[in-house]
Amino acid sequence: MKIFKYGKMILAGLLVLCLCIPAVAAEVPSEETAVDAYEMFDEVSEGIDTIREIHFNVTYVEDPDVVAYIERMKKNSKVQQTVQEDAPDPESWWKWFDTLPIDHSMYVSQRYVMEWLETKYMTIPKEDRSFLAYNLLRVDSPGTNLTS
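Following the numbering used here, the numbering of the sequence shown begins with 422 at its first residue and continues without gaps.
In structure tokens, the structure reads:
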């Protein structure tokens, strides 16, 4: 039994030795290597986003019902009044809105914004709207891109 006990201890020691030697022998990466790796990761991420965007643009077909819904909501007097009253710069907000894709599963889209306005924002009492942390009507300054 003692042999079995010592055998386990020897195996455990060898395992620790095998795991530690590569860690000690491994070269510590320099700061430049870490920066290079981070930049490469950033480039790969951008490439993946580009591939997804290309795939979306190739496979996406606008749903006529969604387009009709957005047009109907843009003409809705309550929506127009809400944007006019609550957006700091309504003209810039509409310009920003028009730059959005009609419908997109990954990014903010016109459909998402209109559904948010209709089902969330406009259902909140006016006096409570200023307390919202998430407010798509608050464009900080003209040209601000809310999708990033």
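Each residue gets a CB set at the ideal place from its N, CA and C atoms; glycine is no exception.
- It is roughly 47 Å from the alpha-carbon of Pro511 to the alpha-carbon of Glu452.
- About 6 Å separates the beta carbon of Trp514 from that of Leu558, a gap short enough to meet the 8 Å contact definition.
- In the three-state DSSP reduction, Arg473 falls in the helix class (H, G or I).
- Of the residues assessed, Thr503 falls on the buried side of the cut-off, its CB having 16 or more other CB atoms within 10 angstroms.
- Annotation: Tyr542 is outside any alpha helix (DSSP H) and is labelled neither H nor E by DSSP.
- Using a Cβ distance threshold of 8 Å, Ile491 and Met543 do not count as a contacting pair.
- Assignment of Arg559 by DSSP, reduced to helix, strand and coil, places it in the coil class.
- Looking from the CA of His525, the closest CA among Glu460, Glu474 and Val465 belongs to Glu474.
- For Glu453, the three-state secondary structure derived from DSSP is helix.
- With a threshold of 16 other beta carbon atoms within 10 Å, Phe518 meets it and is buried.
- The beta carbon of Val500 is closer than 8 Å to those of Met494, Met535, Leu538, Glu539 and Met543 in its chain, skipping five residues each way along the sequence.
- Here DSSP, grouped into helix, strand and coil, assigns Ile491 to helix.
- In the three-state reduction of the DSSP assignment, Ser526 falls in the coil class.
- Non-local beta-carbon contacts of Arg550 in its own chain, meaning distances under 8 Å to residues more than five positions away in sequence, involve Asp507, Tyr542 and Asn556 in chain order.
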